[in-house]
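S.K.:
In the working numbering, the protein residues as written are 58 to 368.
(1) Along the alpha helix (DSSP H) that carries residue 216, what are the first and last residues, could you check?
(2) Counting only the same chain and skipping the five closest in sequence on each side, list residues whose C-beta sits under 6 Å from that of residue 224.
(3) What does DSSP give as the partner residues of residue 127 in its beta bridges?
(4) If you follow the alpha helix (DSSP H) that residue 332 is part of, which residue opens it and which one closes it?
(5) Skipping 5 residues on each side, what residues in its chain have a beta carbon closer than 8 Å to that of residue 249?
(6) Please report the distance separating the alpha-carbon of residue 218 from that of residue 161.
(7) Sort 234, 179, 193 by Cα distance to residue 186 and report the nearest one.
(8) In the segment 82 to 121, which residue ranges form an unbroken alpha helix (DSSP H) of at least 4 residues, counting only runs that do not cross its ends?
(9) Check whether the segment 339 to 355 touches the segment 295 to 309, counting contact only when three or more Cβ pairs, one atom from each stretch, lie closer than 8 Å.
(10) Would DSSP call residue 182 helix, strand or coil?
(11) State the DSSP-derived secondary structure class of residue 345, mapped to helix, strand or coil.
(12) Going by beta carbon distance, what residues of the same chain come within less than 8 Å of residue 261, once the five residues before and after it are set aside?
(13) Going by Cα to Cα distance, which pick from 149, 210, 325 is closest to residue 183?
(14) Do you know whose CA, among 78, 255, 130, 292, lies nearest residue 271's CA?
(15) So the beta strand (DSSP E) residue 200 belongs to, where does it begin and stop?
(16) For residue 326, tell me which candidate among 337, 307, 172 has the shortest Cα-Cα distance.
(17) So, residue 274 versus residue 350, is the Cβ gap smaller than 9 Å?
(18) When we look at the beta-carbon of residue 247 and count the other beta-carbons within 10 Å, is it buried (16 or more) or exposed?
(19) When the distance is taken between beta carbons, is residue 152 closer than 9 Å to residue 128?
(20) Closest to residue 203 by C-alpha separation, out of 163, 213, 197, 175, would be which residue?
(21) Hey, would you say residue 131 sits closer than 9 Å to residue 206, going by beta carbons?
(22) So which of 147, 78, 74, 357 has the shortest CA-CA distance to residue 264?
(23) Which same chain residues, not among the five before or five after residue 212, have their C-beta less than 8 Å away from its C-beta?
(24) Whose C-alpha, out of 92, 111, 91, 84, is nearest the C-alpha of residue 98?
(25) Given a cut-off of 9 Å, decide if residue 73 and residue 91 are closer than it, judged by their beta-carbon atoms.
(26) Assign residue 319 to one of three DSSP states: helix, strand, or coil.
(27) Count the other CB atoms, across all protein chains shown, that sit within 10 Å of the CB of residue 138; report buried if there are 16 or more and exposed otherwise.
(28) For residue 110, I'd like the list of residues in its chain whose CB is within less than 8 Å of its CB, leaving aside the five on either flank, ordered along the chain.
Structure below.
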């Protein structure tokens with residue numbers, strides 16, 4: 058794979074592992090801020106796109122991480138994070154001594170604590186730093202980052218954090234706190250999306266003008282950020298994935314596991330999770346999470362808008 062840009066003299070070098078919709082934006086935000094960024098993804102086309110934007114590319118995570126001051130991991134979950142660090146050709150063995158690993162995957166706090174302990178035992182630093190804000194804010198460097206870790210981990214990661222985030226919340230001096238804050242956010246996000254889809258499909262069942270429902274509710278006390286953001290997908294009949302059903306199958310599953318371990322009741326999570334599972338089982342797992350409205354419609358006979366012609 059070609060690497061057209063030489064390393065800039067004395068530049069901070071960052072590797073980004075995972076160039077999906079979030080990771081690509083984060084990598085570009087750092088590159089545009091003057092950080093020398095090496096991108097890596099299992100899809101070569103994603104790496105090529107990053108190179109076309111002026112970044113550098115690597116064919117393996119270990120190759121990307123070797124010599125980097127900062128490694129940002131933007132993968133799906135704790136299992137993938139562990140594989141990147143400690144699996145075959147894991148980067149923990151090739152990272153520069155004293156470098157910082159920024160973990161942005163959503164995971165159980167116990168998993169984050171375990172990974173941090175193993176990474177730090179090797180003389181590296183671990184910042185538990187899950188993200189929120191979506192692909193648009195990743196691309197503009199305006200993410201919210203919920204981070205926890207040692208003071209040194211924060212100091213080493215600061216250049217990257219400043220480039221990627223509009224807000225960085227420093228939530229404690231040990232890994233796990235950032236992950237726990239993210240799971241509170243995901244509990245609310247998943248339940249609110251399910252509630253928004255239930256409400257707009259209920260309105261359809263009543264034969265209401267859905268555009269007018271959207272106008273009225275977004276100006277009323279029942280509004281939520283998720284209703285305002287996701288219902289337009291339903292109104293347009295467009296379920297192109299911006300955030301997929303499978304994300305909340307995973308995340309609400311983690312919340313439920315955490316709650317069960319603490320013997321804490323989460324009945325709203327349990328109900329919402331069943332709807333995400335139903336959507337996944339219906340073949341919508343990789344469609345937009347507003348697809349829950351289609352499940353409500355199929356169960357009730359409600360009619361939702363068809364996709365509008367483009368162009």
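Every residue, glycine too, gets a C-beta built ideally from N, C-alpha and C.
M.R.: If we stick to the structure as given:
(1) Unbroken alpha helix (DSSP H) run through residue 216: 208 to 221.
(2) Answer for residue 224: 201, listed in chain order.
(3) Residue pairing from DSSP places residue 127 in a beta bridge opposite 71, 157.
(4) Unbroken alpha helix (DSSP H) run through residue 332: 324 to 336.
(5) Taking C-beta separations shorter than 8 Å and ignoring five residues to either side along the sequence, the partners of residue 249 in its chain run 281, 282, 283, 284, following chain order.
(6) C-alpha separation (whole angstroms): 11 Å.
(7) The residue from 234, 179, 193 with its alpha-carbon nearest to that of residue 186 is 234.
(8) Taking only runs of at least 4 residues, the alpha helix (DSSP H) segments lying wholly in the segment 82 to 121 are 101 to 109.
(9) Enough Cβ pairs lie closer than 8 Å, so yes.
(10) Reduced to three states, the DSSP call for residue 182 is strand.
(11) Residue 345: strand per DSSP, three-state reduction.
(12) Contacts found: 267, 354, 359, 360, 361.
(13) Looking from the CA of residue 183, the closest CA among 149, 210, 325 belongs to 210.
(14) Nearest C-alpha to residue 271: 292.
(15) From DSSP, the beta strand (DSSP E) with residue 200 extends over 200 to 204.
(16) Closest option to residue 326, Cα to Cα, is 307.
(17) Contact flag unset, no.
(18) Answer is buried; the Cβ neighbour count reaches 16.
(19) Inclusion of residue 128 and residue 152 in the CB contact set at 9 Å is warranted, their separation being smaller than that value.
(20) By alpha-carbon distance to residue 203, the top candidate from 163, 213, 197, 175 is 163.
(21) If you check the CB distance, residue 131 and residue 206 do not come in under 9 Å.
(22) Cα-wise, what sits closest to residue 264 is 357.
(23) Closer than 8 Å at the Cβ level, and outside the excluded window around residue 212, lies no residue.
(24) Proximity to residue 98 across 92, 111, 91, 84 peaks at 84, based on C-alpha coordinates.
(25) Going by C-beta atoms, residue 91 is not nearer than 9 Å to residue 73.
(26) Taken through DSSP and simplified to helix, strand or coil, residue 319 comes out as coil.
(27) Residue 138 is classed as buried because its beta carbon has at least 16 other beta carbons within 10 Å across all chains shown.
(28) Within the same chain, Cβ atoms closer than 8 Å to the Cβ of residue 110 are found at 85, 88, the five residues on either side in sequence being excluded.
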